[in-house]
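The structure appears below as structure tokens.
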Amino acid sequence: MITNRRDFLKLSAISSAVALIPFKTVAKSKVNKPIVVSTWQHGIAANKAAWQVLAEHGKAIDAVEAGVRIPEADPNVMTVGYGGYPDREGNVTLDACIMDENQNCGSVAYLQNIKHPISVARLVMDNTPHVMLVGEGALQFAKSQGFIEENLLTPQAKKAWQDWLVESKYAPVINIENHDTIGMLALDMNGDLSGACTTSGAAFKMAGRVGDSPIIGAGLYVDNEVGAATATGMGELMIKTVGCHLVVEMMRQGMTPTQACKAAVERIAHKLGDYKQFQVGFLALSKSGEYGSYCIQPGFNYAVTSKTGSKLLDAASIL
Ligand code: SD4
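Under my numbering, the letters of the sequence shown match residues 1 to 319, in that order.
Put into structure tokens, the structure is as follows:
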């Protein structure tokens, strides 16, 4: 029982000391590093590029940027960067963010005609006092940094949009047929965590729509004392729950990455009620190099690359 002011102060001092202790200290030799994880099958190629940086003792922040640039440039990946599906008006609009081990972060949203939004986000982080630039301002900034404007709408994506226009049925549902954002998390040789997330967002979205992927805390979060998380699926749901921040905070409280992802997905499902028609998936990596994932619908997979090689794993799901 707290009997006087001195006891209260003592207790407050103890509680704040406890709050500063990392959630779990793992013997340095047991840390699984370096390691990189990323969402979906295209994560395999992306991880390969990230691994080149990590294997040479490079920084996690450089690894994640290099990694996600691969699907950004790939016209066959229809929901990231070049070749991404456009919005209802036929414009490809891109969202991306990046976060390092010191809580520095940068983000761009509703960026058009620039193939590598993640690198623009990196420069927002490195070269400006801001975290987020959007639309025309983000484009002007990109151009000032030497990025070149190019048409990102490939014939394949244009055809898909024209086919969609026939019915123009706008169902703002992201299920397993409408996804592929890449979120990537890395732990480098130094034991530092960073993450990146980049997308063209929901296919045929309303003009001006921004999802979770460029929102720090929703589509990506990194706390170098605890772990990192990224998300894929219906971005509105991650924004409403600040999903990735939630996952990291649950890890701080002692959950494993899988347990934390599961708890966040269940929180969303519980609040939604009709969750069966949506997809939401989280991927998390802890400070000790442990990883895990969880989603609503089966079908979400993720790529893991470490010293033992690369593998594609299926996330566990509610359904
Ligand atoms: C969004 N979360 O814009 C993104 C879409 C996505 O896999 O993840 N697709 O809502």
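Each residue gets a CB set at the ideal place from its N, CA and C atoms; glycine is no exception. Please read all numbers here as calculations on a predicted model, not as lab measurements.
Residue i versus residue j: straight-line alpha-carbon distance, rounded
i, j, result
"Gly292", "Val53", "23 Å"
"Val31", "Ser288", "5 Å"
"Ala316", "Ala186", "21 Å"
"Gly195", "Tyr110", "20 Å"
"Ser168", "Thr154", "20 Å"
"His245", "Asp212", "12 Å"
"Cys295", "Lys158", "30 Å"
"Val253", "Gly309", "First, the amino acid is wrong: residue 253 is Gln here, not Val. Their Cα atoms are separated by approximately 30 Å."
"Thr232", "Ala27", "32 Å"
"Met234", "Gly281", "9 Å"
"Ser29", "Ile182", "30 Å"
"Val57", "Cys261", "Checking the sequence shown, residue 57 turns out to be His, not Val. If you take the alpha carbons of His57 and Cys261, they lie about 29 Å apart."
"Tyr82", "Leu152", "5 Å"
"Asp126", "Cys105", "8 Å"
"Gly90", "Ala50", "32 Å"
"Glu150", "Arg267", "41 Å"
"Val247", "Gly137", "31 Å"
"Gln112", "Pro214", "14 Å"
Nearest-angstrom Cβ-Cβ length linking residue i and residue j, presumed shorter than 8 Å
i, j, result
"Val92", "Pro86", "5 Å"
"Asp218", "Val242", "Looking at the sequence itself, residue 218 is Ala, so the reference to Asp does not match. Indeed, because the Cβ distance is near 6 Å, the residues count as touching under 8 Å."
"Ile114", "Val64", "Going by Cβ atoms, the distance from Ile114 to Val64 rounds to 18 Å, so no, they are not a contact pair."
"Ala207", "Arg88", "6 Å"
"Ala45", "Val68", "Contact doesn't hold; Cβ gap of about 11 Å is too wide."
"Val131", "Ser107", "6 Å"
"Ser200", "Leu94", "6 Å"
"Gln279", "Gln259", "About 20 Å; that fails the 8 Å criterion."
"Glu290", "Thr256", "6 Å"
"Leu237", "Thr230", "Leu237 to Thr230, Cβ: 14 Å. No contact."
Beta-carbon proximity list for residue i, same chain, < 6 Å, skipping 5 on both sides
i, result
"Ser306", "Ile35"
"Ala228", "Leu185, Leu193, Gly195, Val222, Leu285"
"Gln145", "Leu123"
"Val61", "In the sequence on display, residue 61 carries Ile and not Val. So the list reads Asp100, Ser194, once near-sequence residues are dropped."
"Asp142", "Checking the sequence shown, residue 142 turns out to be Ala, not Asp. Excluding sequence neighbours, Ala142 sits near Ile114, Val120."
"Gly135", "Tyr110"
"Lys59", "Asp188"
Cβ-based burial, residue i [other Cβ within 10 Å; buried from 16]
i, result
"Gln162", "exposed"
"Lys33", "buried"
"Pro129", "exposed"
"Leu139", "buried"
"Asp180", "buried"
"Lys276", "exposed"
"Leu319", "exposed"
"Ser12", "Note that Ser12 scores a pLDDT of 44, beneath 50, so its modelled location is shaky and nothing firm can be said."
"Val166", "exposed"
"Ser249", "Sequence check: residue 249 is Glu here, not Ser. By the neighbour-count rule (16 or more Cβ atoms within 10 Å), Glu249 is buried."
"Gln103", "exposed"
"Asp188", "buried"
"Ile148", "exposed"
"Ala303", "buried"
"Gly273", "exposed"
"Phe8", "In this predicted model, Phe8 has a pLDDT of only 41, less than 50, meaning its place in the structure is not dependable; the value taken from the coordinates is given anyway. Looking at its Cβ environment, which holds fewer than 16 other Cβ atoms inside 10 Å, Phe8 is exposed."
"Gln156", "exposed"
Close-in-space but distant-in-sequence residues of the same chain around residue i (CB under 7 Å, 5 per side omitted)
i, result
"Ile118", "Glu65, Val68, Arg69, Glu72, Ala96, Ile98, Ala196, Thr198"
"Asn301", "Trp40, Gln41, Leu312, Leu313, Asp314, Ala315"
"Trp164", "Phe204"
"Met251", "Phe23, Val226, Gly227, Pro257, Ala260, Ala284, Ser286"
"Val265", "Val280, Phe282, Tyr294, Cys295, Ile296, Ile318"
"Leu133", "Val108, Val124, Phe141"
"Ser38", "Ala46, Asn47, Gly67, Ile182, Gly183, Met184, Tyr302, Ala303"
Within-8 Å CB hit, residue i to chain B
i, result
"Gln162", "Absent from the structure is chain B; it holds one protein chain and no more."
Proximal residues to residue i (C-beta, below 8 Å), its chain only, five neighbours per side dropped
i, result
"Ala160", "Met78, Tyr85, Ala203"
"Asp74", "His42, Ala45, Val80, Gly81, Tyr82, Gly83"
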